[in-house]
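>
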Amino acid sequence: MRYKRFLVGLFTFIIISSALILIGEQFSVDWLKFSYEYEAGDEGFFFSASSFLPFIIGLAASAIAEKIYVRKLYKKAV
1 MRYKRFLVGL FTFIIISSAL ILIGEQFSVD WLKFSYEYEA GDEGFFFSAS SFLPFIIGLA
61 ASAIAEKIYV RKLYKKAV
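Residue numbers (the UniProt record's numbering): 1 to 78.
Below, the structure written as structure tokens:
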């Protein structure tokens, strides 16, 4: 049972996050695009990432989907 709960949450996270990132890329929505920059030089390295909002929304959707799945599972058992 826990394995299925995990899969529901994981697949929801992957699908929602991917869809939001694709929408951001397709329609040039900056706050939905995930971009990163990495530079390595003599002085060291520099790493920058922006717009984690699709991942945050995906995480929230994952939590909601898991709660809905568990609620339906318990209603079916009772």
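No residue lacks a Cβ here, since even glycine has one placed at the ideal position from N, Cα and C.
1. Should the region 60-72 be regarded as contacting the region 8-22, the criterion being three or more beta carbon pairs within less than 8 Å?
2. Would you check if the region 45-58 and the region 18-26 touch, i.e. whether three or more CB-CB distances between them fall below 8 Å?
3. Within 10 angstroms of the Cβ of Lys33, are there 16 or more other Cβ atoms? Answer buried if so, exposed if not.
4. Any chance you could list the beta strand (DSSP E) runs of at least 3 consecutive residues sitting entirely within the region 21-78, in chain order?
Result, derived from the coordinates:
1. Because the criterion of three Cβ pairs below 8 Å is met, the region 60-72 and the region 8-22 touch.
2. yes
3. Indexing the sequence shown from 1 puts residue 33 at position 33. It is buried - the Cβ of Lys33 has at least 16 other Cβ atoms within 10 Å.
4. With a minimum length of 3 residues, the continuous beta strand (DSSP E) runs that stay inside the region 21-78 are 35-41, 44-50.
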